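Undergrad: According to the working numbering, the residues represented by the sequence shown are 3 to 202, in order.
Every residue, glycine too, gets a C-beta built ideally from N, C-alpha and C.
Bear in mind that the values here come from a model prediction, so they are computed numbers and not experimental data.
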Amino acid sequence: MISSKKKFKALSATILSLAIVLSVFTPAEASSADKAFLDDIVESQPYAIVVTGADNIAAYKEAGIIKSYTPDSSKLQNIDVLKDADSISIMGTSIPTSPWDLGNNNYRNFTYSMSTYLYSNYKYMPDAYSLDIWHEITPDQPQKLKIQCYKSSDNSTWGKGFELEIDDVAYAGIATPLGYYYFKYSSIEGKTISGSGVVY
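1) Mind checking who Leu204 pairs with in its DSSP beta bridge?
2) Can you name, in chain order, every residue of its own chain whose Cβ lies under 6 Å from the Cβ of Tyr173, other than the five neighbours on each side?
3) List the whole-angstrom C-beta distance separating Asp134 from Gly192, where the pair is believed to meet the contact cut-off of C-beta under 8 Å.
4) Rounded to a whole number of angstroms, what is the C-alpha to C-alpha distance between Leu120 and Asp57?
5) Identify, in the order they occur along the chain, each residue of the same chain with its Cβ nearer than 7 Å to the Cβ of Lys63, setting aside the five sequence neighbours on each side.
6) How would you label Asp129, buried or exposed, when you count the other beta carbons within 10 angstroms and need 16 or more for buried?
7) Check whether the Cβ atoms of Gly197 and Asp142 lie closer than 8 Å to each other.
8) Go ahead and label Ala65 buried or exposed: buried means 16 or more other beta carbons lie within 10 angstroms of its beta carbon, across all protein chains shown.
9) Please report the distance separating the alpha-carbon of Ser103 from that of Tyr184.
10) Using DSSP bridges, identify the partner residues of Lys193.
11) Does Pro101 pass the burial test, meaning 16 or more other C-beta atoms within 10 Å, or should it be called exposed?
12) For the putative contact between Glu165 and Lys148, defined by C-beta atoms under 8 Å, what is the C-beta separation to the nearest angstrom?
13) Between which two residues does the alpha helix (DSSP H) holding Lys63 run?
14) For the beta strand (DSSP E) containing Leu120, name the first residue and the last one.
15) Judging by CA-CA distance, which residue of Ala50, Lys146 and Tyr124 is the nearest neighbour of Val171?
16) For the beta strand (DSSP E) containing Ala130, name the first residue and the last one.
17) Leaving aside the five residues before and after Asp169 along the sequence, list all residues of the same chain whose C-beta is less than 7 Å from its C-beta, in chain order.
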């Protein structure tokens, strides 16, 4: 069990690091050369964050590090937004073509059950104000899950991907410039895993 003092120090260090990164990546008046340099850095290593455990998530939300969404009863859906790759084609691949704009609290609920991999049903456009896409994952059992982001424009990977070993709720967020992105979800060990969550 991590002491409150250690949690506070870790949280403070994360906030400070994030503040430094944000100050570097959001200059008030940068030259075109500086902007090009910063764009190259963001393109090669978009920022990403993973937080697990309800207590940690609550602390990070309170600190403003994790973006929150407000559940809207008019938008609640019991829709699987992930498809089992084995049921799609012989090769098990189906890259999504339907767009979904995550702006204005326009999140999507999802469930999953797989032993190989799944693709998101949608290619997502991030909110123009935050320029990031978040996942909230609630696993049904302890599991190892990989989430890889792809740019829809050319199907290239965006970031290194998240390799999650989770037995409790987890949040994962990645910076995404305007454009469409989709996700591939994989069972790292090839075991059947399942759960539910939200993309926002």
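TA: So, to answer that:
1) The structure shown does not extend to residue 204, since the chain spans only 3 to 202, so no value can be given for it.
2) Val53, Ile59, Ile68 and Glu138.
3) The Cβ separation is near 30 Å, so there is no contact.
4) Between the alpha carbons of Leu120 and Asp57 lies a distance of about 29 Å.
5) Hits under 7 Å: Ser70.
6) Note on Asp129: 16 or more other CB atoms within 10 angstroms of its CB, so buried under the neighbour-count rule.
7) Result yes, Cβ atoms of Gly197 and Asp142 sit closer than 8 Å.
8) With a 10 Å radius around the Cβ and a threshold of 16 neighbouring Cβ atoms, Ala65 comes out exposed.
9) Sequence check: residue 103 is Asp here, not Ser. Those two C-alpha atoms are separated by around 12 Å.
10) Paired residues: none, contrary to the question.
11) Burial call: exposed.
12) Going by Cβ atoms, the distance from Glu165 to Lys148 rounds to 5 Å, so yes, they are a contact pair.
13) Per DSSP, Lys63 belongs to the alpha helix (DSSP H) from Ala56 to Glu64.
14) First-last of the beta strand (DSSP E) with Leu120: Tyr119 to Ser122.
15) Comparing Cα positions, the closest option is Lys146.
16) Ala130 -> no beta strand (DSSP E), and no H or E assigned at all.
17) Cβ within range, chain order: Pro141 and Pro144.
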